[in-house]
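Chemist: Chains A and B, in that order, give the protein sequences. Per my numbering, the first sequence starts with residue 1, numbered consecutively. Per my numbering, the second sequence starts with residue 1, numbered consecutively.
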Amino acid sequence: MTSYDRDKVSDIHRHLHSELPSEPALRVKALESLLVAKGLVDSQAVDKWVEMFSDEIGPKRGASIVARAWVDNSFRARLLEDGTTAIADFGYVGHATGYLTVVENTPAIHNLVVCTLCSCYPLALLGMAPSWYKQNAYRARAVRDPRGVLSEFGVKLAEDVEVRVWDSTSERRYMVMPQRPRGAEHMAEADLAKLVTRDSMIGTAICRLP
Amino acid sequence: MDGVHDLGGIQGFGPVNPDKDERPFKATWEGRMWGINKGISGVPGWSIDWFRHVRELIEPVDYLTRPYFDQWAQTYGAMLVDSGVVTIEELATGISARPALERRPPMQASAVAAAARSIKDFSRAANAAPRFLAGDIVTTRSMGAAGHTRMPRYVRGRRGRVHACHGAFLVADESAFGREIAEPLYTVGFLATDLWPETGARNDRVFVDLWERYLE
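1. With 8 Å as the threshold, decide whether the Cβ of B:Asn203 is near any Cβ in chain A.
2. Rounded to whole angstroms, what's the CA-CA distance from B:Pro15 to B:Ser96? Just pull it up for me.
3. Return no unless some Cβ of chain A is closer than 8 Å to the Cβ of B:Leu215.
4. If distances are taken between C-alpha atoms only, which option among B:Pro67, B:Ala114, B:Glu198, B:Asp194 comes closest to A:Asn136?
5. At 3 residues or longer, what runs of the beta strand (DSSP E) sit wholly inside the stretch 37–110 of chain A?
6. Mind checking whether A:Thr101 and B:Gly8 have CB atoms under 8 Å apart?
7. With DSSP collapsed to three states, give me the class of B:Gly160.
8. Give me the chain A residues within the contact set of B:Gly14, using Cβ-Cβ distance strictly less than 7 Å, ordered along the chain.
9. Can you say whether B:Thr28 is buried or exposed, counting buried as having 16 or more other CB atoms within 10 angstroms of its CB?
10. Where are the alpha helix (DSSP H) runs, 4 residues long or more, that stay fully inside the stretch 111–147 of chain A, in chain order?
11. Which residues in chain A sit within 9 Å of B:Asp173, going by Cβ to Cβ distance?
12. Could you check if B:Pro23 is buried or exposed, using at least 16 other CB atoms within 10 Å of its CB as the buried criterion?
13. According to the Cβ coordinates, are B:Leu91 and A:Ala30 closer than 8 Å?
14. With 16 as the cutoff for other CB atoms within 10 Å, does B:Ser110 come out buried or exposed?
15. If we ignore side chains and look at the alpha-carbon of each, how far apart do B:Gly94 and B:Asp62 end up?
16. Quick check on the burial criterion: 16 or more other C-beta atoms within 10 angstroms. Buried or exposed for B:Thr139?
17. Would you please verify whether the beta carbon of A:Val66 is less than 8 Å from any beta carbon of chain B?
18. Leaving out the 5 sequence neighbours to the left and right, which residues in its chain are closer than 7 Å to A:Leu35 when beta-carbon positions are compared?
19. Measuring only the C-alpha atoms, how far is A:Arg61 from A:Ala96?
20. Name the chain B residues whose beta carbon is nearer than 7 Å to that of A:Val196?
21. What do you get for B:Pro197, buried or exposed, if any count of 16 or more other CB atoms within 10 angstroms of its CB means buried?
22. Could you list which residues in chain B have their beta carbon closer than 8 Å to that of A:Lys156, in chain order?
23. In whole angstroms, what separates the C-alpha of A:Ser18 from that of A:Lys156?
24. Three Cβ pairs or more, each shorter than 8 Å: is that satisfied between the stretch 25–41 of chain B and the stretch 145–159 of chain B?
25. In chain B, which residues lie less than 9 Å from A:Gly91 when you measure between Cβ atoms?
26. Can you tell which of B:Glu89, B:Asp21, B:Gly167 has the C-alpha that lies nearest to the C-alpha of A:Asp199?
27. For A:Lys60, return the contacting residues in chain B, with the cut-off set at a CB-CB distance below 7 Å.
28. Below 8 Å on the Cβ atoms is my guess for A:Pro146 versus B:Asp194; work out the distance and round it to an integer in Å.
29. For B:Phe207, which beta-bridge partners are listed by DSSP?
30. Need the endpoints of the alpha helix (DSSP H) that A:Arg6 sits in, please.
31. Give the DSSP bridge partners of B:Met215, in chain order.
32. For B:Leu215, is the beta carbon positioned less than 7 Å from some heavy atom of the ligand ADP?
33. Out of curiosity, what's the CA-to-CA distance linking B:Ala73 and A:Cys120?
34. Among B:Phe13, B:Asp19, B:Pro18, B:Arg52, whose alpha-carbon lies nearest the alpha-carbon of B:Met1?
35. Decide yes or no for the touch test of the stretch 123–131 of chain B against the stretch 171–185 of chain B: beta carbon pairs closer than 8 Å, at least 3 of them.
36. Over the uninterrupted alpha helix (DSSP H) stretch that includes B:Arg32, give me the two end residues.
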């Protein structure tokens, strides 16, 4: 039975710290072997999950949503109203996109997404989160010094632009709809999608023409 | 709990190093850990909030220094040991010293595509009207409880404005300990100058999702 006993769990953590192999690769290998032996994990299913999040599920999904919103105003309105319903048409609802809010960048507002408490991220829409998103520095600083963080990504905002930081503390998830670049007014949807980077949908990049 | 996981606003970490490497997994073991997480059969009493709390209980130095998916391995290890499914010695060797418990087979590869399209429902029917409406000024409680919470330390005791009310959602603080209790969930906007007066960040705002019990 699950104990929900924090002292017991802290004690287990201390034992694991000292008794498990030091290499993460060895720890995970042992974990998988053991779970397979216990009948709790099937290795081919693990293969399949890795394949899904390597090939099929990734930021190209979010990019196609943004490109559609850029060319289709009624879709854009639906997306901003209820992100989950809007992306359902694309088949992108899944892990951590059940309660999706899409926030729109404008000339006056720049949005930035973070999870200060762990690493919440709209996985089924953007794929695996980038390493920096999960690192201490980003989690600590995005809420306190967003403009400083943005400048480290090469994004310089005018003083009068309002920065809105979204801390993902519940099961709701956030995605940024970046601004369509100037000069991209006549581009086709498929070409527009290529301008939309992963980072632009987190808020740490601006979409630009190639 | 006042743990090192509650990183918002903590100073001293230096610049963010934007990583141009966009591969979803930087090493094979990271992908294996992700796949184990997605494919593992649940153990009675587990929830995403229990997982988060067990991760928060990792020793602070390990939490701050170990690679991300390595922390997941340690979290699963601790949850499995706590629930009596495996022993520490089994985790260290990878060899099962006891026969597997009688249970249904784990998720098969053929079931993964459908599972990737499924969502977990955290919303519940409301049994009371929300206390606050969009536009209301609220103050967050000054909570420092030992358990699990999703109210970050940096908004404690601060004034904010309700941006949206989302209806009732399972409260993470309860779910972490196996209790299903739903309460209205709000998105609350805080002026950056109310959180970090020294920054003088004009109109910038921080939005945080907060359950009703965090607010007054």
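By construction, the Cβ of each residue, glycine as well, lies at the ideal position given by its N, Cα and C atoms.
Modeler: Answer, in terms of the structure:
1. Within the second sequence, the letter at position 203 stands for residue 203 of chain B. Using a Cβ-Cβ cut-off of 8 Å, B:Asn203 counts as an interface residue toward chain A, since at least one Cβ of chain A sits closer than that to its own.
2. If you number the second sequence from 1, residue 15 of chain B lands on position 15. If you number the second sequence from 1, residue 96 of chain B lands on position 96. Each residue's alpha carbon lies about 44 Å from the other.
3. Along the second sequence, one-based indexing puts residue 215 of chain B at 215. So, not an interface residue.
4. Against the first sequence, residue 136 of chain A aligns to sequence position 136. If we check each option's Cα against that of A:Asn136, B:Pro67 comes out closest.
5. Within the stretch 37–110 of chain A, complete beta strand (DSSP E) segments of at least 3 residues are found at 100–104, given in chain order.
6. Taking the first residue of the first sequence as 1, we reach residue 101 of chain A at position 101. Taking the first residue of the second sequence as 1, we reach residue 8 of chain B at position 8. Not in contact: A:Thr101 and B:Gly8 (Cβ atoms no closer than 8 Å).
7. Along the second sequence, read from residue 1 onward, the residue named residue 160 of chain B stands at position 160. Under the three-state reduction of DSSP output, B:Gly160 falls in the strand class.
8. Looking up residue 14 of chain B in the second sequence gives position 14. Neighbours of B:Gly14 on chain A, chain order: Ala137.
9. As a working mapping, residue 28 of chain B is identified with position 28 in the second sequence. B:Thr28 should be labelled exposed.
10. 123–126, 131–134, 136–141
11. Within the second sequence, residue 173 of chain B is the residue found at index 173, counting from 1. Those within 9 Å of B:Asp173 in chain A number zero; the least Cβ separation is about 11 Å.
12. By 1-based counting over the second sequence, the position of residue 23 of chain B is 23. For the sequence presented, residue 23 of chain B should be read as Arg rather than Pro. Its Cβ having fewer than 16 others within 10 Å, B:Arg23 is exposed.
13. Indexing the second sequence from 1 puts residue 91 of chain B at position 91. Indexing the first sequence from 1 puts residue 30 of chain A at position 30. Yes. Within cutoff.
14. As a working mapping, residue 110 of chain B is identified with position 110 in the second sequence. When all chains shown are included, B:Ser110 counts as exposed.
15. Walking along the second sequence from the start, residue 94 of chain B turns up at place 94. Walking along the second sequence from the start, residue 62 of chain B turns up at place 62. For B:Gly94 and B:Asp62, the distance between alpha carbons rounds to 22 Å.
16. On the second sequence, position 139 is the one that residue 139 of chain B refers to. Exposed is the call here.
17. Counting from one through the first sequence, the residue named residue 66 of chain A turns up at place 66. Chain B contact via Cβ: absent.
18. The count along the first sequence starts at 1 and reaches residue 35 of chain A at position 35. For A:Leu35, where only same-chain residues beyond five positions count, the Cβ hits under 7 Å are Val41.
19. Counting from 1 along the first sequence, the entry for residue 61 of chain A is found at position 61. Counting from 1 along the first sequence, the entry for residue 96 of chain A is found at position 96. Each residue's alpha carbon lies about 14 Å from the other.
20. Within the first sequence, residue 196 of chain A is the residue found at index 196, counting from 1. Going along chain B, no residue has its Cβ under 7 Å from A:Val196, so there is no contact; the nearest lies around 13 Å.
21. Working through the second sequence from its first residue, we reach residue 197 of chain B at position 197. B:Pro197 should be labelled exposed.
22. One-based indexing of the first sequence puts residue 156 of chain A at position 156. Chain B residues near A:Lys156: none, gap ~14 Å exceeds 8 Å.
23. Within the first sequence, the letter at position 18 stands for residue 18 of chain A. Within the first sequence, the letter at position 156 stands for residue 156 of chain A. Approximately 45 Å between the Cα atoms of the pair.
24. no
25. As a position in the first sequence, residue 91 of chain A is number 91, starting the count at 1. Ordered by position in chain B, the residues that pass the 9 Å Cβ test against A:Gly91 are Arg117.
26. By 1-based counting over the first sequence, the position of residue 199 of chain A is 199. Cα-wise, what sits closest to A:Asp199 is B:Asp21.
27. Residue numbering aside, residue 60 of chain A sits at position 60 when the first sequence is read from its first letter. What A:Lys60 touches in chain B: nothing, since even the nearest Cβ is about 11 Å away.
28. Here the question's residue 146 of chain A lines up with position 146 in the first sequence. Here the question's residue 194 of chain B lines up with position 194 in the second sequence. In fact, because the Cβ distance is near 15 Å, the residues do not count as touching under 8 Å.
29. Stepping through the second sequence from its first residue, residue 207 of chain B is reached at position 207. In the DSSP output, where bridge partners are listed per residue, B:Phe207 has A:Trp166, B:Gly189.
30. For the purposes of this step, residue 6 of chain A is identified with residue 6 of the first sequence, where counting begins at 1. Start and end: 6–19.
31. Numbered from 1 along the second sequence, position 215 holds the residue referred to as residue 215 of chain B. Residue 215 of chain B is actually Leu in this sequence, not Met. Beta-bridge partners assigned by DSSP to B:Leu215: B:Thr140.
32. With respect to the ligand ADP, the structure offers nothing, as it holds no ligand at all.
33. Residue numbering aside, residue 73 of chain B sits at position 73 when the second sequence is read from its first letter. Residue numbering aside, residue 120 of chain A sits at position 120 when the first sequence is read from its first letter. For B:Ala73 and A:Cys120, the distance between alpha carbons rounds to 17 Å.
34. Numbered from 1 along the second sequence, position 1 holds the residue referred to as residue 1 of chain B. Minimum Cα distance to B:Met1 is reached at B:Arg52.
35. Yes, they touch.
36. Taking the first residue of the second sequence as 1, we reach residue 32 of chain B at position 32. Residues 28–39.
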